[in-house]
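Let me begin by presenting the structure, written as structure tokens, before commenting on it.
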Amino acid sequence: MRALLPSEPGDFKIPNHAQVVVVTGAGISAESGLRTFRDSNGLWEEHPVEDVATPEGFEADPEMVWRFYSQRREQLRDCVPNAGHDALVTLEQRLKAGDGSFTLITQNVDGLHQAAGSEEVINIHGNLCETKCSNNACAQAHNTEWDTKFYFAHIPRCGHCNSYLRPAVVWFGEMLGLDEQRKAINALRRCDWFIAVGTSGVVYPVASYVQEARAAGAQTLLVNLEPSQNAYAFHHFIEGKSSEVLPKLVADKGSST
Ligand code: OAD
11 MRALLPSEPG DFKIPNHAQV VVVTGAGISA ESGLRTFRDS NGLWEEHPVE
61 DVATPEGFEA DPEMVWRFYS QRREQLRDCV PNAGHDALVT LEQRLKAGDG
111 SFTLITQNVD GLHQAAGSEE VINIHGNLCE TKCSNNACAQ AHNTEWDTKF
161 YFAHIPRCGH CNSYLRPAVV WFGEMLGLDE QRKAINALRR CDWFIAVGTS
211 GVVYPVASYV QEARAAGAQT LLVNLEPSQN AYAFHHFIEG KSSEVLPKLV
261 ADKGSST
């Protein structure tokens, strides 16, 4: 494995026929006003992570967990995508207009990529504004009636089995969605460019996707404020804010092969 090279966004020319996979984390939404996870000493809005982001936490106090996610949904109502999200839309459109392909795998549950206009998005950790039944055996897995950005003090129940509904996000100790994983791996196995943005590289399996991309022969770029925990696995590191780096990185720099 080659050493990580510090680079500038202008060093790269992503061709229109490139097969690109982008992975994003909380850092890309930071400039839209959402806090990242690991700047908070293991606390999410003052709650220990295990209280609000595990099935056990939900079982122990479902009302509290529901209120916590209701508050997070409310925060989203004032958030808009930033120049980093917009740059990825520009890249997707350019590749689709050429012979390229684009897949965006996001760990973020905030929906800001879709709000910006990204189309090929895999929500690998779910979506904060969607709900599902907390009973895994329930046939009514996804209840769109409660998909919302609003705050509800009381936890709704599933119309099918009467269990509590819960946010459709992946908690610690839970499996990622099989469909999402399958799509992600398929895209990684055929990519020739892999770009990770605003992620600390500590949560698996997403932190291992760079290795999957390298096995496919891809150029691998990390765009982050600091080297992530898995930075050693990338070919190149571009240090900086995603809202500043991405517009320069994805700009069409003329014909290339
Ligand atoms: P983290 O909070 O772990 O990491 C955010 C990264 O973004 C850090 O490395 C920051 O240095 C960087 N960063 C902050 N602002 C930035 C900016 N403006 N531009 C570029 N980089 C910036 O967030 P994630 O890596 O997304 O999982 O966390 C991964 C997962 O851990 C989350 O999806 C969540 C969490 O526990 C689940 O909920 C399952």
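In this text, residue positions in the sequence shown follow my numbering: the first is 11, and each later residue adds one.
Even for Gly, the Cβ is constructed at its ideal location relative to N, Cα and C.
What are the residues that DSSP puts in a beta bridge with residue i?
i: LEU15; result: HIS246
i: VAL90; result: Its beta-bridge partners do not exist; DSSP assigns none.
i: VAL131; result: LEU114
i: THR141; result: PRO177
i: ARG167; result: TYR174
i: GLY136; result: VAL179
So, using beta-carbon positions, are residue i and residue j closer together than 8 angstroms?
i: GLU252; j: ILE38; result: This sequence places Ser at residue 252; Glu is not what is there. Cβ atoms of SER252 and ILE38: closer than 8 angstroms.
i: ALA194; j: VAL220; result: no
i: VAL59; j: PHE182; result: yes
i: ARG7; j: PHE247; result: Missing from the structure shown is residue 7; the chain here goes from 11 to 267 and no further.
i: PRO19; j: LYS258; result: yes
Examine the ligand FMN and report whether any of its heavy atoms sits within less than 7 angstroms of the Cβ of residue i.
i: PHE182; result: With respect to small molecules bound, the structure shown includes the ligand OAD and not the ligand FMN.
Determine contact between the region 204-215 and the region 230-238, defined as no fewer than three beta-carbon pairs at a distance below 8 angstroms.
-> Using a C-beta cut-off of 8 angstroms, the region 204-215 makes contact with the region 230-238, since at least three inter-stretch Cβ pairs fall below that distance.
Contact between the region 26-43 and the region 80-97: three or more CB pairs below 8 angstroms?
-> yes
Please list the segments of the beta strand (DSSP E) lying wholly inside the region 98-127, counting only runs of 3 or more residues, in order along the chain.
-> 111-116
contact_flag[the region 115-125, the region 137-144] where n(CB pairs < 8 angstroms) is 3 or more = yes
Would you check if the region 173-191 and the region 99-108 touch, i.e. whether three or more CB-CB distances between them fall below 8 angstroms?
-> no
Return the chain-ordered ranges of every alpha helix (DSSP H) run that is complete within the region 177-244 and spans a minimum of 4 residues.
-> Entirely contained in the region 177-244, the alpha helix (DSSP H) runs reaching 4 residues are, in chain order, 188-199 and 219-225.
Stretch pair the region 195-205 + the region 29-36: three plus CB contacts closer than 8 angstroms = yes
Curious, which full-length beta strand (DSSP E) runs of at least 3 residues does the region 29-61 contain?
-> 29-34
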